[in-house]
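Just so you know, the sequence shown maps onto residues 1 to 753 in our numbering. Please read the structure below before turning to the comments.
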Amino acid sequence: MNCFERLREYSQENTKTRNAPRNNDSRTQRTSLVLFVVFATSIAPLLAQSSQLPAPSTRPRIGLVLSGGGARGFAHVGVIKALEEMGIPIDYIAGTSMGAMVGSLYASGMSSEQLEDALLSINWPTMFNDKAIRRDRAFHRKKQAQRYLFDYEIGIRGTKFLTPTGLRGGQRLIFALREHLLPVAHINDFNQLPIPFNCVATDIELGDWVVLKQGDLVKAVRASMSLPGLLSPVVYDGRLLIDGGIFRNLPIDVARSMGADIVIAVDISAPLLQRNQLKSPMSITNQAMGASLRKEVDKQHALADILLIPDLAGVGTLEYTQLEKIIQTGRDVAVRNRAKLLPYASTKQAPAKQAYQPPQIVFIRVEGLQRVSERIVRKQINLHEGQFLDIVQLGRDLSRIYGLGDFELVDFRLEPQETGTGLVIMVREKHWGPNYIQSGLELFFDDDQNTIFQPEVNLTKTRLNSLGLEWSTDLVIGEEHAFETSLYQPLDYAGRFFLEGRYGFLRDLQNIFLDGSKAQLEGTSHTLNLSAGLNMGAYAEFRASLLQGVIDRSLKSGELDSFSERIDFGGLVLAFSLDRLDSITFPRKGALTVATLYSSRPGLNADDRFDRLFFEQVLAKSWGKHTFLSWGEGGMEVDSVLPPAFQFSIGGFSSFTGYEVGELTGSRYAIYRPTYLYQLGRLSPVIGRGYYIGGWLEAGNIWQDSEDIALDNLRFAATLVLAADTVLGPVYLGLGFAEKNRHGIYLAVGPSF
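As structure tokens, this is what we get:
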């Protein structure tokens, strides 16, 4: 009975009593009638309007499930783009590994275009290379890296050797996630994201999979991506987690548990190899590990309402070279399944993304320090309290902290406060530190039977005091025997000023050429060097050194008369170095400048008085796979005559190829060496090492007197090389040519700029 029927019934009853005697009851009834009429009249339009409202929507809730698969995961982006174009709303997202990364970014409120731009802006070939960006390394660390030791660091504590738990800690990956997920950094419940999101990881201790629903979103995604052997495990909520693809690479059941009625699943996991592809122990091992994973993924297929499998034949999980093509492959598979997808299209509008407003930083705190002084870390931070968060500046600050060389991870989080937001810098010191052993190798062969085979080992003890005292010792055994030990003491927490003491012993062989004949001298030297210096940021260094030592040389082979000599040397060395190269092995951009003045003085125990100046400059510029180096060097005496033992010498690989090492000597020299390299490919898509073809031309000469310098007596040489950037350092196979039919074939491991 609606209100109008009740009103009519009430009126009829009132008519029956109209002629009854008037009393208080009748007056009350009339008053009630009036009030009821007023109420009914006012609510009637509302009831009529409500009867015209559409019935509640019965649209099914749609879940999107994204599997892991490394670079193949860029196909997820193409699928999402196609779903947006078709108007298919996504209510839930569940993902594993790369699917977790793509899914978290989309769940944060990005459009498909923003998602694509964000992922393509990342330098993927170097994303899993945790070596500090060279330009941000402390200058002292740059010089250490030029030793070309193996790209692996072992810790030593007492008699125990310690190693990293994974090849990479994910430093660059974590910051990329922090940067792009910054607008939702305050959300701890992943179901409260613009699109509810869950991801999957593996508890390596319990041997089971776990669904991550809350906490630190970036850390959760990083845990889901911890591919064993590539990225180190993540401690998350007390669990030790690795890649979720080990147990649940396609978590359709997770999306169901979130509330999805319809599941669209995208499987980009690599298929099993065919028999004719199983031709190596590694392929068989990978197949054995992948078989059980494939079986679990196939089980999940049956739970999907719509299953999309992009055609990614020939695309490896670590091949980040054709990302646009992979994205298109994902879009194509969605378009092919358009008929299945369109029934779930909706006119529902996606919520507008809120413009992100950087918060004002009210405090900065550093967490996780044990051995490294907090004052040293804070000197690397240029972002200050009271400023608004600048993510670019913060990235530079974290990179400089990481460049100190003491940390396996440098991360950050934001802590909202009533008056603003706090910035917490989270560091994790290398658990295998603070004492490190590294080893290396220098190897050289040429067709003149010159051979060098020199294993190297280095022991460095760091953070011996609060300012960062460091003790480093090198040992070389081979064609040369060398021992060097040094103490490096910063004088302030910013590391601007420093003192260094160094002792070195060297036994080597030196070629000398007289009247067309060749002899070889064997020499031993002892050197003591005391330096004071200034670091100008991470780019330049100036140092002044007092140098003293002694050289003993004697004839080892050749047709010379008996020869032996003792040379006492000592003097002042002024050296300036500016190093902004992005790589010391195969630079693609930047500059290197070195200038050194050695003033030998009898008052400092030297046999002779002379001044010797050396200069070198390298400029690097690249266009795509093409790199050009402008490389020049030279030296001269300054108002003095250089003794034979201190004259310059050229010849050999990368120094007038085609001549023998030390074949040309003199008091002045100059060489210009334009170099071109073309990158043929990458040895490893994970760490970005490449292999190249190219070469260089050389023009210059060496002279005894300035009057001899003339353009008509320049010498010329050319070198063709195949080269590779390896864990041993640069490897070159070279063919050199010079005038007068000189030529040489070279294999070199370890030479550098």
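From the three backbone atoms N, C-alpha and C, an ideal C-beta is built for every residue, glycine too. Since the structure is predicted, the reported quantities are computational estimates derived from the model, not experimental observations.
Comparing alpha carbon positions, the residue from F161, I567 and D508 closest to N605 is I567.
Under the three-state reduction of DSSP output, T329 falls in the helix class. Where S649 is concerned, the enclosing beta strand (DSSP E) starts and stops at F648 to I650.
Contact check for G103 and F197: beta-carbon distance about 6 angstroms, within the 8 angstroms limit, so the pair qualifies.
Taking a 10 Å sphere around the C-beta of K81, we find 16 or more other C-beta atoms and assign the residue as buried. With a 10 Å radius around the Cβ and a threshold of 16 neighbouring Cβ atoms, A100 comes out buried. Taking a cut-off of 8 angstroms for Cβ pairs, the region 579-587 and the region 131-146 touch, as three or more such pairs fall below it. Taking 7 angstroms as the cut-off, the beta carbon of S112 is found closer than this to the beta carbon of E84. For a cut-off of 8 angstroms, the C-beta gap from V476 to Q454 is around 5 angstroms, short enough to register as a contact. Within its own chain, the residues whose Cβ lies closer than 6 angstroms to the Cβ of D725, once the five positions on either side in sequence are excluded, are T585, F586, R689 and G690, listed in chain order. Proximity to F388 across D639, R371, R396 and G422 peaks at G422, based on C-alpha coordinates. Comparing alpha-carbon positions, the option among A575, F74, E633 and K379 lying closest to I327 turns out to be F74. Excluding its 5 nearest sequence neighbours in each direction, G652 has C-beta neighbours in its own chain below 6 angstroms: V661, listed in chain order.
Per DSSP, D579 is one residue of the beta strand (DSSP E) stretching across S564 to D579.
A residue is called buried when at least 16 other Cβ atoms come within 10 angstroms of its Cβ; F498 meets this threshold and is buried. Under the criterion of beta carbons closer than 8 angstroms, K430 and G155 qualify as touching, at roughly 7 angstroms.
Every unbroken stretch of the alpha helix (DSSP H) spanning 4 or more residues and falling wholly within the region 50-136 is given here in chain order: 75-86, 98-107 and 112-120. With respect to the C-alpha of R413, the residue from E385, D208 and E367 having the closest C-alpha is E367. The closest CA to that of L697, considering only T719, D203 and F513, is found on T719. Fewer than three beta-carbon pairs drawn from the region 463-472 and the region 512-528 are found closer than 8 angstroms, and the two stretches are therefore not classed as touching.
Residue pairing for T719: DSSP places it in a beta bridge opposite W696 and G736. Here the region 517-535 makes no contact with the region 612-625; the two share fewer than three CB pairs at distances below 8 angstroms. With 16 or more other Cβ atoms from the protein chains shown falling within 10 Å of its own Cβ, T627 counts as buried. The residues A519, L521, R553, S554 and L555, in chain order, have a CB closer than 8 angstroms to that of F563 in the same chain once the five nearest residues on each side in sequence are set aside. Rounded to the nearest angstrom, the gap between the Cα atoms of P358 and D390 is 7 angstroms.
With contacts defined as CB atoms closer than 7 angstroms, E319 and A71 qualify as a contacting pair. Secondary structure of E707 (DSSP, three-state): helix. Taking the C-beta atoms as reference points, A304 is found nearer than 7 angstroms to A265.
For K160, the enclosing beta strand (DSSP E) begins and ends at K160 to L162. Residue pairing of N435 in beta bridges, as defined by DSSP: K461. When C-alpha distances from V618 are compared across R588, S599, Q144 and V392, the shortest belongs to R588. According to the DSSP assignment, Y236 belongs to the beta strand (DSSP E) that extends over V234 to Y236.
Looking from the CA of Q171, the closest CA among G316, A339, A302 and I401 belongs to I401. Straight through space, the alpha carbons of S545 and Y539 are spaced by roughly 20 angstroms. A residue is called buried once 16 or more other Cβ atoms fall within 10 Å of its Cβ, and G207, having fewer, is exposed. If you ignore the 5 residues before and after P490, its C-beta comes within less than 6 angstroms of the C-beta of L467, G468 and F498, all in its own chain and listed in chain order.
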